[in-house]
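Heads up: the sequence shown runs through residues 0 to 314, numbered per this note's numbering. What follows is a set of notes on a single structure, which appears directly below.
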Amino acid sequence: MLSRRQFLMSPAAAAGRAQLTGRQRVDHALAGAELDRPPFSFWYHFGLEKHPGQRHARATLEFHRKFRTDLVKVMSDFPFPKPKGNWWEIPVHSNPFPEQIRALEIIRQGLARRNYFVETIFNSWNQAEKLSSPEQVRRLMNERPQALLDALEAINRSQINHARRALAAGAAGIFLAIANADAKVLAREQYRKFSEPFDKALLEAVRQAPLNILHLHGEQVYLDLFYKGWLARVIHYSTHATGVSISEVRRSYSGVLMGGLDERNFRRLSEDELRRQWQAAQSAAGPKFILAPGCSVPNDTTDQELLRLVRVLGA
């Protein structure tokens, strides 16, 4: 008699699983159901922020169709509207990224419900840095902390408006990119004062979404801050940048983990190396797992380099 693992790898089981859509495969991972392979995704920056949303949507759909990603992570590089006066005197915008919303509507139509897509949102601290610079944000934090808190509040209210529009446009959730919960950027208590309340408020506003993802970016991330109390189904981080293994995180976190692949060296990874990284990550994470690089792969990654993973997975 076949064991459960042997059956999952058998031709009969594979024939049935071949009919799974990307959406169904993600649903299985969210539920912790056994699969022959995990759902996967990868992405890079298209550099289309100066073009209309239609162009961005077309590039996203072409990328998805070419590489058959199970989960579509939509890039979001359109800039936050700059205020007319001081960068920190920011009004609340009802629709801060109209071209991005247009792109999401087109992506929804193109995917025809076969795949989930999530909208990337860079947290309010990151948007403040883009409106000014990392140095100016830190200076305001040290010299006029309330002015910074007021600016972050205004940005976050605009981001909440955008997130709700993204869900209405068909997104299954947000991919909240947090790059300042990192000892190289802020002390732990600085993050907790100047970012955590806004990041949690943003997730609270879209708590009904089925697929909110926390992207924890950096090398010295305060991962333990995120294991409990956050309204997200998935934690995504880089095992290779942080040096923190998936097995270590799994001991404290019971939700879905996303990552496992080396984004920095992705272009040089052979098919055997990709397979080993996939299998090691999945073994450590268990069935609640989405395979992905720890962040975007290099923008100059070639099609052939991306297709290596597609071949390894049999996607």
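Where is the CB? At the ideal position from N, CA and C, for every residue including glycine. Here the structure is a predicted model, which is why all the values come from computation and not from measurement.
Tell me the rounded alpha-carbon separation between residue i and residue j.
{"i": "S295", "j": "R187", "result": "25 angstroms"}
{"i": "Y226", "j": "R36", "result": "25 angstroms"}
{"i": "L273", "j": "V311", "result": "7 angstroms"}
{"i": "A176", "j": "H92", "result": "20 angstroms"}
{"i": "N125", "j": "S246", "result": "29 angstroms"}
{"i": "A13", "j": "L19", "result": "Only weak support exists for where A13 lies, its pLDDT of 46 falling under 50; the value from the coordinates is given anyway. Between A13 and L19, the C-alpha separation is close to 10 angstroms."}
{"i": "N262", "j": "Y115", "result": "The sequence given here has Glu at residue 262, not Asn. If I take the Cα positions, the gap works out to 22 angstroms."}
{"i": "Q281", "j": "G31", "result": "12 angstroms"}
{"i": "Q99", "j": "F121", "result": "13 angstroms"}
{"i": "R24", "j": "P209", "result": "14 angstroms"}
{"i": "L130", "j": "Q158", "result": "14 angstroms"}
{"i": "H161", "j": "P144", "result": "26 angstroms"}
{"i": "A283", "j": "V243", "result": "12 angstroms"}
{"i": "A28", "j": "R250", "result": "18 angstroms"}
{"i": "P82", "j": "I234", "result": "33 angstroms"}
Taking 7 angstroms as the cut-off, decide whether the C-beta atoms of residue i and residue j are in contact.
{"i": "K192", "j": "Q219", "result": "no"}
{"i": "H63", "j": "V71", "result": "yes"}
{"i": "R101", "j": "G52", "result": "yes"}
{"i": "G258", "j": "T238", "result": "yes"}
{"i": "A178", "j": "E118", "result": "no"}
{"i": "L151", "j": "F96", "result": "no"}
{"i": "L215", "j": "Y236", "result": "yes"}
{"i": "F45", "j": "V309", "result": "no"}
{"i": "T68", "j": "S40", "result": "yes"}
{"i": "L202", "j": "L224", "result": "no"}
Going by alpha carbons, who is nearest to residue i out of the options?
{"i": "M140", "options": "S194, V255, F174", "result": "S194"}
{"i": "L222", "options": "L202, F41, L256", "result": "L256"}
{"i": "R382", "options": "Y190, N179, K81, F174", "result": "Nothing can be reported for residue 382, as the shown portion of the chain is limited to 0 through 314."}
{"i": "A171", "options": "E104, F45, R263", "result": "E104"}
{"i": "R138", "options": "W87, E152, F116, N114", "result": "W87"}
{"i": "L148", "options": "S123, G293, A165, Q278", "result": "S123"}
{"i": "L268", "options": "G285, T301, A283, R250", "result": "T301"}
{"i": "W277", "options": "L290, F265, A32, R22", "result": "L290"}
{"i": "G254", "options": "A111, G285, E61", "result": "G285"}
{"i": "F127", "options": "A204, R266, A167, N85", "result": "Correcting the residue identity first, residue 127 is Ala in this sequence and not Phe. Comparing Cα-Cα distances from A127 to each of A204, R266, A167, N85, the minimum goes to N85."}
* Can you list, in chain order, the stretches of the alpha helix (DSSP H) that have 4 or more residues and sit fully within the stretch 147-224? -> For the stretch 147-224, whole alpha helix (DSSP H) runs of length 4 or above, ordered along the chain, are 187-193, 195-204.
* Every unbroken alpha helix (DSSP H) within the stretch 223-254, with a cutoff of 4 residues, ordered by chain -> At a cut-off of 4 residues, the continuous stretches assigned as alpha helix (DSSP H) that sit fully inside the stretch 223-254 are 238-241, 245-249.
* Whole beta strand (DSSP E) elements within the stretch 57-95, 3-residue minimum -> DSSP runs (the beta strand (DSSP E)) wholly in the stretch 57-95: 70-73.
* **Every unbroken beta strand (DSSP E) within the stretch 105-145, with a cutoff of 3 residues, ordered by chain** => With a minimum length of 3 residues, the continuous beta strand (DSSP E) runs that stay inside the stretch 105-145 are 115-121.
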